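A.B. asks: First the structure, then my questions, so here it is.
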Amino acid sequence: MSLRSIRQSVLILGFLGVSLTLLFHWMVFFWVSTEATLGISQRIFYIHVAGMWTGMLAFIVVAVCSAMYLWLRDDRLDQIGRAAAEGGLVFFAVGLTAGPLWARLAWGTWWTWEPRLTLSLLAWFIYIGYLLVRGATENPEKGKTFAAVIGVIAAVNIPLIHVSVLWFRSLHPEPVVVRQDGPALPPDMLITMLTALLAWTILLFALVLLRYGAARLEARAEELALDQGTTT
Amino acid sequence: MAHVLEARDLVRRYGPIRAVDGISFGLVEGDLLTVLGPNGAGKSTLLGLLGGSLRPYSGEIWFRGELRDPGVTDWRAEIGVLSHRTFLYGALSARENLSFYGSLYDLPDIAERVDARLAEVGLSEAAGRYVREFSRGMRQRLALARTLLHDPSLIFLDEPFTGLDVHASALLREVLVRLKDGCRTVILVTHNLSEGLALADRVAIQVQGRFAFLGARHEIPDGAEERFYREWVEDL
Amino acid sequence: MSRYLRQVWALAAKDLRVEFRTRERFVAMAAFVVLTSLLFNYAVDWTLLNPRDIASALIWMIIVLGGLLGLGRTFELEKEDGAMEGLLVAPLPRDALFLGKVIANCVLLGLVEVLAVLVVSLFFQVDFTQNWLAIGAVLLVGTIGFVSLGTLFSGITAGTRMGETLLPVLLFPLLVPLVAFGASSTASLLAGFPPAVVYGSLRILAAFSILALVSGVGLFRFIVEE
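Chains as they are written, first to last, in the working numbering: chain A, 1349 to 1580; chain B, 697 to 932; chain C, 31 to 256.
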């Protein structure tokens, strides 16, 4: 993708993403009906789930880009991966903030070992490791390789971790287990949920593209600076 | 004569910095190529690429007429690398170090070979002592024994004279002379002009990742080596 | 094929020989195990808590933390005098290097685990003899996975400025299955349940370890290649 098309896409997707975000926030606070058992506090649920979902989506992007980078060694794959990791970090942070807030209001405790929440916390740390490793090497190429290896191995292990977290929860059930995504979400809740998911997925892509464009510019600037330096 | 080793447009970069910036050359079997150049010219990086411990960003290396595949390990058995780092384990004895490398190279009759090499570099009495007790000169001699243990046909030496005393330097020179038996090809990287030129068949001067000069030894006028070298290095 | 195995063996033997002579890693890990258990004794009000209730958790956390100490220094030997380059230049498949390190680390960690069991049983009067074979099996299977991941990540951290401090950040998230299933099965076994009870956990631990080992074998070459 050329830099111009990146800029255009960022603008379009960004605009769309922000608009949809505003829309679904309006829906969450003013439009959707209140859930019977939990009351008004349940409204955070949309934000929490949307954050988690987007974070997971970013994770998949990181995993795929990492594997492909190890195979093809194209710097652009590495840049996309990094952008996705940073984006995922943001959305997971939202989810990890909204989650405990909701838990406090719904069940009186700040933290529950709810599988989705736990998995996101772990994934969050994997992102941190992924990003830390990049900058910690002498040779930048090595940093990219290390990060890619982490991306792949984390992805490979996530299913197993997921199983463990679920299994552990089944042995130690929470005092009140609410099926948030129950058998049938009433239509207005469903629409709100889907709007939220769509809004943040688009926003994620916008952010990733933005970061990717910035990374490309950085790389170009470095090369130019170096060429300047040697032609004297 | 066909080239035993050929480098085509080798590039090695660290981020945006190109330590090796498009180097090409060919070596005929039995040649000794000396690579001279100031610090930071990328000479060690070049040896790393040729020796197979570094991967090129772009470019090819051909060995005996075939493109070298980093995934395959067979060609490594024919390469010996002596770096300014010794590759030794301090907690093992000299003999244990060599035996270890012997098993890595899967050599037959390791014990005899080890003894022979140790004798060659004058370390037979010290064979059972731990390497961490060795002096710098002894370690370098042991490293040389390690390099030649598996009888490589391609030998890369990176600043081998550094830190050697008179006795050890003489020993190294003797070994180098013996290596020029027509079947072995040697690349010697050094910034020591006199040692480097003494045995060279061909000479390269590497500056900022490129070969500023590549030619036969006799192209460098006797008695004017210093001036010749400085001209090439300062020209850029 | 046998050349490969000979090389792996030579690597593992070299590491173990050096470790046996210098005892650097083992002493550090052993001291950690003993001292942590000692501190732990003072951290708990034993009138409220029965040692057997948390023996399994204690053992596993000690093994993970103590193991971390040793694993972080897996490639320390190769850093001194640039020996890593010597290994890369040799006709040594990169995964053979990985397996050699894993084997050496497993032996080292195995010894530390035996010590941990002895210390915990001594300090807290916990009986490990009943079901000792099953407990040993759980530890063994789990250790393979733990060491595989630890060795792989140690290869990464050895190439960074942050070094060993980065290792827990990378490693711990992936150890959830190990600790969850390892500790729970050990607890069941310590409580006297028959070994058959932990077959399910053992299968998951085996999956974890096989996955870790295979990933390590496949990915190590990327880490160590320059």
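Ideal Cβ placement from N, Cα and C applies to all residues, glycine included. Bear in mind that the values here come from a model prediction, so they are computed numbers and not experimental data.
Quick test of the definition: if touching needs 3 or more C-beta pairs under 8 angstroms, does the region 1444-1454 of chain A touch the region 1381-1398 of chain A?
C.D. replies: A contact exists between the region 1444-1454 of chain A and the region 1381-1398 of chain A.
A.B. asks: Would C:T77 pass as a contact of A:V1481 if the rule is Cβ separation under 8 angstroms?
C.D. replies: The answer is no: Cβ separation not under 8 angstroms.
A.B. asks: Tell me the DSSP bridge mates of B:V716?
C.D. replies: Note: B:V716 sits in a beta bridge opposite B:R708.
A.B. asks: Do we get a CB-CB distance below 8 angstroms when we pair A:L1479 with the residues of chain C?
C.D. replies: No, A:L1479 does not count as interfacial toward chain C.
A.B. asks: Roughly how many angstroms separate the alpha carbons of A:P1523 and C:T216, rounded to a whole number?
C.D. replies: Summary for A:P1523: the model assigns pLDDT 47, below 50, so the residue's position carries little reliability, and this model does not support an answer.
A.B. asks: So which residues on chain A does C:F158 lean against when the C-beta distance must stay under 7 angstroms?
C.D. replies: Per Cβ cutoff of 7 angstroms: no residues; C:F158 is ~23 angstroms from chain A at best.
A.B. asks: Quick test of your reading: B:R809 and B:Y753, contact by CB under 8 angstroms. State the CB separation rounded to the nearest angstrom.
C.D. replies: Their Cβ separation, rounded to whole angstroms, is 37 angstroms, which puts B:R809 and B:Y753 out of contact at 8 angstroms.
A.B. asks: Beta carbons nearer than 7 angstroms to chain B: which residues of the region 1564-1575 of chain A have them?
C.D. replies: So the list reads E1570, E1571, L1574, given in the order they occur along the chain.
A.B. asks: CA-CA distance, A:V1525 and C:A43?
C.D. replies: For A:V1525, the predicted structure reports a pLDDT of 40, less than 50, and the residue's modelled location is therefore unreliable. A value from the coordinates is still provided. Going from the Cα of A:V1525 to the Cα of C:A43 covers about 53 angstroms.
A.B. asks: Closer than 8 angstroms is the cut-off here; do at least three beta carbon pairs connect the region 1420-1433 of chain A with the region 1467-1487 of chain A?
C.D. replies: Enough Cβ pairs lie closer than 8 angstroms, so yes.
A.B. asks: Tell me the rounded alpha-carbon separation between A:T1382 and A:A1398.
C.D. replies: When rounded, the distance between both Cα atoms is 18 angstroms.
A.B. asks: Can you give me, in chain order, the residues of the region 106-136 of chain C that have a beta carbon less than 7 angstroms from any beta carbon in chain B?
C.D. replies: Correct list: L107, E110, D111, G112, A113, E115, G116, L118, V119, A120, P121, L122, P123.
A.B. asks: Helix, strand or coil: how does DSSP classify C:Q160 here?
C.D. replies: Three-state result, C:Q160: coil.
A.B. asks: Please report the straight-line C-alpha distance between C:S68 and C:F153, rounded to a whole angstrom.
C.D. replies: Sequence inspection shows Leu at residue 68 of chain C; the Ser mentioned does not correspond to that position. Roughly 8 angstroms between the two C-alpha positions.
A.B. asks: Determine, using beta-carbon pairs with one atom in the region 1560-1569 of chain A and one in the region 860-875 of chain B, whether at least three such pairs fall under 8 angstroms.
C.D. replies: No: fewer than three Cβ pairs fall under 8 angstroms.
A.B. asks: For A:C1413, is the classification buried or exposed, using 16 other Cβ atoms within 10 angstroms of its Cβ as the cut-off for buried?
C.D. replies: Looking at its Cβ environment, which holds 16 or more other Cβ atoms inside 10 Å, A:C1413 is buried.
A.B. asks: Quick one: give me the first and last residue of the beta strand (DSSP E) that B:A900 is part of.
C.D. replies: Start and end: 898-903.
A.B. asks: Taking 6 angstroms as the limit between beta carbons, can you name the residues of its chain near C:E108, skipping five residues before and five after?
C.D. replies: Cβ neighbours of C:E108 beyond the five flanking positions: M114.
A.B. asks: Within 10 Å of its beta-carbon, does A:I1408 have 16 or more other beta-carbons around it, so buried, or fewer, so exposed?
C.D. replies: Exposed, by the Cβ-count rule.
A.B. asks: Around the C-beta of C:T195, are 16 or more other C-beta atoms found within 10 angstroms, so that it is buried, or is it exposed?
C.D. replies: Exposed: under 16 other Cβ atoms inside 10 Å.
A.B. asks: Who does B:G911 pair with in a DSSP beta bridge?
C.D. replies: Looking at the DSSP assignment, B:G911 forms a beta bridge with B:V899.
A.B. asks: Roughly how many angstroms lie between the CA atoms of B:L884 and B:L728, to the nearest whole one?
C.D. replies: Taking the straight line from one Cα to the other gives about 7 angstroms.
A.B. asks: Please look up how many angstroms separate the CB atoms of A:Y1417 and A:L1425, rounded, as I've assumed it's under 8 angstroms.
C.D. replies: So it is a contact: roughly 4 angstroms between Cβ atoms.
A.B. asks: Please list, in chain order, all residues of the same chain as A:L1364 whose beta carbon is under 6 angstroms from its beta carbon, the five residues on each side excluded.
C.D. replies: Once the five neighbours on either side are set aside, the close Cβ partners of A:L1364 are I1550.
A.B. asks: Given that B:S779 touches chain C, what residues does it touch there, using C-beta distances under 7 angstroms?
C.D. replies: In chain order: G112, E115.
A.B. asks: What whole-angstrom Cβ distance do B:A773 and C:P198 have, given they're in contact under 8 angstroms?
C.D. replies: No, B:A773 and C:P198 are not in contact; Cβ-Cβ is about 39 angstroms, not under 8 angstroms.
A.B. asks: For the region 208-227 of chain C against the region 162-180 of chain C, are there 3 or more C-beta pairs whose distance is under 8 angstroms?
C.D. replies: These segments touch.
A.B. asks: Take the Cβ of B:S831 as the centre, count every other Cβ of all protein chains shown within 10 Å, and call the residue buried at 16 or more, exposed below.
C.D. replies: Counting Cβ neighbours within 10 Å, B:S831 comes out exposed, since fewer than 16 surround it.
A.B. asks: Taking C:V96 as part of the beta strand (DSSP E), name the residues at either end of that continuous run.
C.D. replies: One point to set straight first is that residue 96 of chain C is Gly, not Val, in the sequence displayed. From DSSP, C:G96 is part of no beta strand (DSSP E) but of the alpha helix (DSSP H) over 81-101.
A.B. asks: Going by C-alpha distance, which of C:A126, C:F56, C:V63, C:L98 is nearest C:V244?
C.D. replies: Minimum Cα distance to C:V244 is reached at C:A126.
A.B. asks: Rounded to whole angstroms, what's the CA-CA distance from A:D1423 to A:L1542? Just pull it up for me.
C.D. replies: Their backbone Cα atoms lie some 34 angstroms apart in a straight line.
A.B. asks: Return the first residue and the last residue of the alpha helix (DSSP H) that B:G738 is part of.
C.D. replies: Premise fails: B:G738 is in no alpha helix (DSSP H) and is neither H nor E.
A.B. asks: I think A:A1471 touches A:G1403, with their Cβ atoms under 8 angstroms apart; what is that distance to the nearest whole Å?
C.D. replies: Contact holds; Cβ gap of about 7 angstroms.
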